[in-house]
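Residue numbers (the working numbering): 1 to 449.
First comes the structure, then the notes that go with it.
In structure tokens:
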């Protein structure tokens with residue numbers, strides 16, 4: 001019997017009992033859509049998690065801290081940074097020079113960490129407004145984090161830095177902010193008093209706003225609570241304030257004198273590809289520095305997500321297993337109803353393999369129809385879930401992570417997996433009934449009423 005004949009005969013037999021076939025196909029639809037939607041929720045959470053880490057900091061950026069594994073410190077200098085850049089797969093690096101400033105804006109006061117970084121690092125910061133300040137700018141341009149305004153509080157309202165309103169009290173784009181730099185290193189002979197014995201007031205500075213970090217007031221990133229500027233411009237600015245000293249409160253040598261070179265708080269190392277981050281990170285650790293990257297947290301989270309996806313997929317697979325039992329029941333009933341027909345086929349010399357393939361074709365067709373309709377149902381359910389979550393505050397649910405993607409994500413391979421799995425389940429469910437059909441005695445089948 002030709003394959004085309006088998007297909008035509010299989011569909012003709014299924015259409016004989018339309019109601020029973022429809023109910024069996026419906027079971028496969030429910031099972032297929034269940035497993036796809038369940039797995040799509042796990043994949044959606046995983047994709048949102050990747051986006052969250054990508055927005056917080058680049059997945060190809062390694063943060064280097066001046067600490068060793070034994071608890072001692074290791075200086076991050078320009079010389080050491082050049083050594084980092086020579087590591088294979090490293091495309092660049094940036095030091096981070098931070099100074100904590102006192103800030104005042106009207107009745108609000110606060111503290112802002114001003115960080116000098118390289119142009120390469122500044123260009124990675126997502127900006128809502130403004131642009132990256134050039135290194136040769138006549139004034140010190142600053143990129144403010146979108147949540148810097150939350151670093152301020154109003155003492156007259158009995159607030160403190162740790163008990164603020166949680167709201168952004170200052171807008172760096174619109175408000176005038178006065179900054180006071182730390183007094184810095186002093187020799188014993190230095191004095192902060194004027195000739196009349198009064199304490200000299202610290203000078204206040206106005207810094208130009210070059211840009212604002214993207215994210216809105218509710219979108220946190222690693223850049224949200226700090227301010228950034230070009231490190232070369234920052235060094236020049238600090239030299240005008242502290243003159244002989246490079247930075248306020250610099251590290252000193254054994255004689256108690258300030259060092260004549262920069263020692264940075266942190267450094268950033270940029271890697272060419274995510275797959276090479278772990279290797280570069282290990283090389284930096286072997287050099288005696290503490291190195292962290294978002295890839296560490298992402299890998300750990302993804303391992304947990306694999307378990308979540310397996311559990312969700314298993315829940316959906318139970319529905320498909322129930323559907324498989326329904327297919328077995330349908331095919332067994334079909335054999336009982338078509339016993340005489342099977343006997344006639346055997347008497348006419350029909351090959352046993354054709355009889356087996358006929359029933360496998362029927363059960364596989366049920367899986368195909370149910371799987372195909374299940375894909376359409378899955379797509380509609382996925383759209384409904386994403387629409388509902390985006391219009392009912394689902395983005396802020398505690399069990400979900402913030403992100404721009406929907407809660408449900410169905411890639412192409414999941415559609416193909418669902419369809420193929422449904423066909424295989426349907427075909428497998430028809431195996432036992434087909435074996436029973438092959439074992440029927442032709443004479444007994446012909447005598448059957």
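C-beta: ideal position from N, C-alpha, C; glycine also.
All figures in this text were calculated on a predicted structure; none of them were measured in a lab.
Bridge partners of residue 83 according to DSSP: none are assigned.
From the listed residues 126, 230 and 132, the smallest Cα separation to residue 214 is found for 126.
If you draw a straight line from the Cα of residue 386 to the Cα of residue 30, it is about 20 Å long. A straight-line Cα-Cα distance of about 8 Å links residue 45 and residue 408. Rounded to whole angstroms, the separation of the alpha carbons of residue 24 and residue 326 is 6 Å. When secondary structure is reduced to three states using DSSP, residue 5 falls in the helix class. Per DSSP, the unbroken beta strand (DSSP E) holding residue 65 starts and ends at 61-65. Taking a 10 Å sphere around the C-beta of residue 370, we find 16 or more other C-beta atoms and assign the residue as buried. In the DSSP assignment, residue 178 forms a beta bridge with 104. Closest by C-alpha distance to residue 178, out of 168, 155, 167 and 208, is 208.
Sorting 375, 288, 131 and 62 by C-alpha distance to the C-alpha of residue 71 places 288 at the top. For residue 113, same chain residues with a beta-carbon under 8 Å away, outside a window of 5 residues either side, are 98, 99, 100, 101, 225, 226 and 227 in chain order. About 19 Å separates the Cβ atoms of residue 423 and residue 38, ruling out a contact at the 8 Å cut-off. Rounded to whole angstroms, the gap between the alpha carbons of residue 430 and residue 379 is 28 Å. Assigned with DSSP and collapsed to three states, residue 255 falls in coil, not helix or strand.
Minimum Cα-Cα distance from residue 411 among the listed residues 36, 284 and 16 corresponds to 36. With a 10 Å radius around the Cβ and a threshold of 16 neighbouring Cβ atoms, residue 79 comes out exposed. In this structure, the alpha-carbon of residue 105 lies about 37 Å from that of residue 48. In this chain, the beta strand (DSSP E) harbouring residue 266 covers 266-271. One Cα belongs to residue 173, the other to residue 413, and the distance between them is close to 47 Å. It is roughly 42 Å from the alpha-carbon of residue 153 to the alpha-carbon of residue 280.
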